[in-house]
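Visitor: Protein sequences, first through last, are from chains D and E.
The first sequence: position 61 = 60 (numbering that gives the first Met the number 0), numbered continuously.
The second sequence: position 4 = 3 (numbering that gives the first Met the number 0), numbered continuously.
The structure that follows is given in the form of C-alpha cells.
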Amino acid sequence: MSEVLVLVDHADGSVRKSTFELLTAAARIGEPVAVFVGEAAAGEAAASTLGEYGAAKVLVASDPAYSEYLVAPAAELLAHLVAERQPAAVLVPASADGREIAARAAIKTGSGILTDAVDVAADGTVSQSVFAAAYNVTSKVASGTPFIAVKPNSVSAEPASGAAAVETVSFAPSDGSKTARVVRVEEKPASGRPNLTEAAIVVSGGRGTGGDFAPVEALADALGAAVGASRAAVDAGWYPHSHQVGQTGKAVSPQLYVAAGISGAIQHRAGMQTSKNIVAINKDDEAPIFELADYGVVGDLFSVLPQATEAVNARK
Amino acid sequence: MRIVTFVKYVPDAAGDRSFESDNTVDRETDGLLSELDEYAIEEALNLTDKDKGSETIALTVGPAEAKDAVRKSLQMGADKGVHVLDDAISGADAVGTAKILAAAVRKVEAEEGPVDLVITGLASTDGQMSVVPVMVAELLGRPAATQASALEVGDSSATIRRDGDVSSQHIEVALPALVSVTDQINEPRYPSFKGIMKAKKKPVAQYDLADLGLEAAEVGGAGALTQIVELAAAPARSAGEVVTDEGDGGTKLVEWLAAKKLV
Ligand SMILES: Cc1cc2nc3c(=O)[nH]c(=O)nc-3n(C[C@H](O)[C@H](O)[C@H](O)COP(=O)(O)OP(=O)(O)OC[C@H]3O[C@@H](n4cnc5c(N)ncnc54)[C@H](O)[C@@H]3O)c2cc1C
Ligand SMILES: Nc1ncnc2c1ncn2[C@@H]1O[C@H](COP(=O)(O)O)[C@@H](O)[C@H]1O
C-alpha cells in the first residue's frame, strides 16, 4: 500500500487534534506516515500518540532552520520526501503555515494543490465548500502528487492502531530556503480557552455586544468553548483580530456555533457556515443570521446569554 | 523603488456568485477589485507616493472585465497597469495563475527595470486559497514574508510583523522580495475625483501568454493540475426554529442544546 504523508501540526511536541483528523483521512487513501518537524526528542515523545490514530511511521526531521525561517525549509523537506517516497498524497492542515508549505512543495514537485477540503475520499478526491458555502465542489489533483489542505473539524478523528515506528530524516534545508528570517517572536498571553479553529464549540460576539464581551466569555467558559468575534467587534478594538471569524479571519467548522449580536453578513458567513449546528441570538428578528440558524432566539443578548450560562452550569 | 501589486478581479460577494457550464467561475456577473487587494495597493502607495523616482504598477491576470481591477488601482494612485489577457487562461488553477504572474513580473522587469517589492493581498475573496503569493515567490526564487500586519521597508531589506494565534513574529527579508498583507495593515483610500481623472491617462500594458513566453498547455485551463469533478449548489439550510425571548429565551436555548446532546 502506498504511503500518505501527513504534516504534523504541533506546539512544542504537543500534537494538535487536526493532525489526528488528517491521519484518519490519510488512512482512507493509503498508509498514514506522519512527518514531524521539530526537536527529535519531542518527535519521539509524540510518536505513540500519533500511532494511536493510525500513523504507521513517524518521520522526524530536526534542523534549526525550520523554526528560524518561515515555511520555505519545511517545504523543501516535504518536496524531498515526496521525491524519495512517492506517496499517494500529502495532507496538511489548512492553517496559514500548512497551506504555504504545501503550496511551495507543490511548485517544487510539479503537483496540484487543493485547499480547504471538508472531506477526502479513498481515491483522493476532495470535497470543498465555496462561495460562503453556496456551492459544494468535488475536485481532484490531475497531475503530480496530490497536496491537500484539510479544514480542521471536517473529518472526525478515529483511533486506530499504528506501529508509529520512528525514523529520523537526514535532510538539511538549502541556504536558498533560508531567506525569510524570524528575527523576533512575541508570545501572546494564553487565554486558557480552546483554539478557535479546532474547538468543538465557538461562541462569538458582534457589534451587538456594544464592547462588553463578558456574557459571551461566560457562556463560552460554561460550554468549554472558544470565543470568536465579528469584524465589527474586532475593528472597534473590543476583541483581538486573531479571534475574528469570517473571510478575513478564521474559518471554523465546530459542532456548535453561537452568534450573539451578529447580523450575519456574507463575509462573516464565509467563516462559519459549515458549522454543524448554528445558534443565533439577535434583537432584530429580520437579521440575516436567522436564515441559517438551526435555533434562534430573538432577544437581548444581555439577558439571553447570562440565563443560558446559568442553565448550562445548572446541568453540570 | 519599483513595486508591483497583484490585483485580482473577482465576482462581488454580495451578488449571486455562480459557475459557468465548463465549471469556471462566472466572471460576467458584477465583479470588482478583490477588496483584500486594496490593502496591497494602499501599502504600495504609502511607499511610493512621496518619492518621484518610485512607482507602483498594478498587475492583474484575468478576463477583459479584469481591467476594472487595474482601473480602480490607477484611480487610487498606482502609476501604471499591466493586464495579462488571453482566452487560453480561462480555467487556470492556482499553479497556472502563479506561473503567469511570475512571468509577468519578469516581463515588467525587462520593460521597466528591476522590481524591488511585489505586494499582494492575503487571499482572493473568491478562491480564498492564500497560496498564489508563496507560489510566485517560489517561482521567482525570491524571499516571501506573508500575512504582514505591519511593513517597514529599508534600503536593502524589509521587515514585517505577522500576527499568529499564540505569538507575533517579526520577519526580515532581503530585497527584492514578495510581501502579502492582511486587512489589519492600513485603511485603503477611496479614489479622489482628481485620482479618477488622472487614471484615464495612465498607461496600461496588455500582454498575452505568447508575450510572456508561456504555452497555453502549461498554464491555462488545459494545463491545470487540478480538476473539478462535480459541482452543485449546496442545499439551502432548512430554516430552523426561532423563538422570541419572553424571559425564558436562555433556558429554552439550553433545552434545545440538551435535546441535540450539545450540552
Ligand atoms: C473584504 C471584507 C472582508 C470582511 N471580512 C469579515 C470577516 O472576516 N468577518 C466578519 O465578521 N465580517 C467581515 N466583514 C464585515 C461584514 O461585512 C460585516 O460588516 C460585519 O460582519 C458586521 O459585524 P456584526 O454582525 O457584528 O455587526 P452588525 O452588522 O452591525 O450587526 C450587529 C447585530 O447585533 C444586533 N444587536 C444589537 N444589539 C443587540 C443586543 N443587545 N442583543 C442582541 N442583538 C443585538 C443587531 O440587531 C445586529 O443584527 C468583511 C467585509 C469586507 C468588505
Ligand atoms: N488572477 C490574479 N491576478 C492578480 N493577482 C492575483 C490573481 N490571483 C491571485 N492573485 C494575488 O494573490 C493573492 C492571493 O490569492 P489566492 O492565493 O488566490 O487566495 C491575491 O490577494 C492577489 O494579490
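Just so it is clear, CB atoms sit at the ideal spot from N, CA and C, and this is done for glycine as well.
Along chain E, in chain order, which residues have C-beta atoms closer than 7 Å to that of H240(D)?
Guide: What H240(D) touches in chain E: D162 and Q183.
Visitor: Where does the unbroken beta strand (DSSP E) through E240(E) begin, and where does it stop?
Guide: Residue range E240 to T243 is occupied by the beta strand (DSSP E) that includes E240(E).
Visitor: So V218(E) and L208(E) are supposed to be a Cβ contact under 8 Å. How far apart are they, rounded?
Guide: 7 Å
Visitor: Under 6 Å from any heavy atom of ligand 2, does the C-beta of L211(E) make it?
Guide: No.
Visitor: Work out the CA separation of D11(E) and I227(E) for me, nearest whole Å.
Guide: Across the structure, I227(E) and D11(E) are spaced so that their CA atoms are roughly 22 Å apart.
Visitor: Verify the CB distance criterion: does G298(D) have a CB-CB separation below 7 Å to chain E?
Guide: yes
Visitor: By the 9 Å beta-carbon criterion, what residues does the region 202–233 of chain E contribute toward chain D?
Guide: G222, A223, L224, T225, Q226, I227, V228, E229, L230, A231, A232 and A233
Visitor: Pick helix, strand or coil for V130(E), following the three-state DSSP scheme.
Guide: coil
Visitor: What did DSSP end up calling L76(D) once you bin it into helix, strand or coil?
Guide: helix
Visitor: Could you tell me which chain E residues have their CB closer than 9 Å to the CB of P305(D), listed as they occur along the chain?
Guide: Result: G249.
Visitor: Could you tell me the alpha carbon to alpha carbon distance between A216(E) and S89(E), rounded to whole angstroms?
Guide: 12 Å
Visitor: Output yes if chain E places a C-beta closer than 7 Å to the C-beta of G209(D); else output no.
Guide: no
Visitor: Taking the alpha-carbon positions, what's the I2(E) to G126(E) distance?
Guide: 24 Å
Visitor: Can you give me the Cβ contacts of N152(D) inside the same chain, cut-off strictly under 7 Å, excluding the 5 residues immediately before and after it?
Guide: E197, S252 and P253
Visitor: State buried or exposed for Y8(E), treating a residue as buried only when at least 16 other CB atoms are found within 10 Å of its CB.
Guide: buried
Visitor: Alpha helix (DSSP H) containing G204(D): first to last residue?
Guide: Unbroken run through G204(D) is the beta strand (DSSP E), I200 to G204; no alpha helix (DSSP H).
Visitor: Can you give me, in chain order, the residues of the region 73–84 of chain E that have a beta carbon less than 9 Å from any beta carbon in chain D?
Guide: Against chain D - using a Cβ distance shorter than 9 Å - the region 73–84 of chain E contributes no residues.
Visitor: Could you spell out where the alpha helix (DSSP H) holding S190(D) opens and where it closes?
Guide: Premise fails: S190(D) is in no alpha helix (DSSP H) and is neither H nor E.
Visitor: Taking all protein chains shown into account, do 16 or more other C-beta atoms lie within 10 angstroms of the C-beta of A163(D), making it buried, or fewer, making it exposed?
Guide: buried
Visitor: Name the two residues that bound the continuous beta strand (DSSP E) containing L224(E).
Guide: Per DSSP, L224(E) belongs to no beta strand (DSSP E) and is neither H nor E.
Visitor: Hey, is F289(D)'s beta-carbon within less than 7 Å of any beta-carbon in chain E?
Guide: yes
Visitor: Starting from the Cα of E2(D), find the closest Cα among A40(D), Q85(D) and P193(D) and give me that residue.
Guide: Q85(D)
Visitor: Give me the DSSP bridge partner(s) of V180(D).
Guide: Val is not the amino acid found at residue 180(D); the sequence shown has Arg there. According to DSSP, R180(D) bridges with Y68(D) and E171(E).
Visitor: Is the beta carbon of F170(D) less than 7 Å from the beta carbon of A105(D)?
Guide: no
Visitor: Just the Cα atoms here: how many angstroms apart are K139(D) and A78(D)?
Guide: 20 Å
Visitor: Pull every residue with its beta-carbon under 5 Å away from any heavy atom of ligand 1, and keep them in chain order.
Guide: Near ligand 1, residues with a Cβ at less than 5 Å from any of the ligand's heavy atoms are G205(D), R206(D), G207(D), S229(D), R230(D), A231(D), G245(D), Q246(D), T247(D), G248(D), G260(D), I261(D), S262(D), A264(D), Q266(D), H267(D), N281(D), K282(D), D283(D), A286(D), D299(D), L300(D) and E34(E); the list follows chain order.
Visitor: Determine whether the Cβ of G61(E) lies closer than 7 Å to any Cβ atom of chain D.
Guide: no
Visitor: Within 7 Å (strictly less), CB to CB, does D293(D) reach chain E?
Guide: Yes, contact with chain E.
Visitor: For S179(E) and Y38(E), I'd like the C-alpha separation in whole angstroms.
Guide: If you draw a straight line from the Cα of S179(E) to the Cα of Y38(E), it comes to about 9 Å.
Visitor: Of the residues K107(D), G260(D) and S274(D), which one's Cα is nearest the Cα of A228(D)?
Guide: G260(D)
Visitor: Indicate whether at least one CB of chain D lies closer than 7 Å to the CB of V6(E).
Guide: no
Visitor: Hey, P132(E) and T145(E): beta-carbon distance below 7 Å or not?
Guide: yes
Visitor: In chain order, what residues of the same chain lie with their CB nearer than 7 Å to the CB of P287(D), ignoring the 5 residues before and after it?
Guide: S262 and G263
Visitor: Under 8 Å between beta-carbons, which chain D residues line up against I293(E)? List them in chain order, please.
Guide: It is not possible to answer for residue 293(E), since the shown part of chain E is limited to 0 through 262.
Visitor: Roughly how many whole angstroms lie between the Cα atoms of T273(D) and A132(D)?
Guide: 7 Å
Visitor: Please confirm whether A60(D) and A33(D) have their CB atoms less than 7 Å apart.
Guide: Going by C-beta atoms, A60(D) is not nearer than 7 Å to A33(D).
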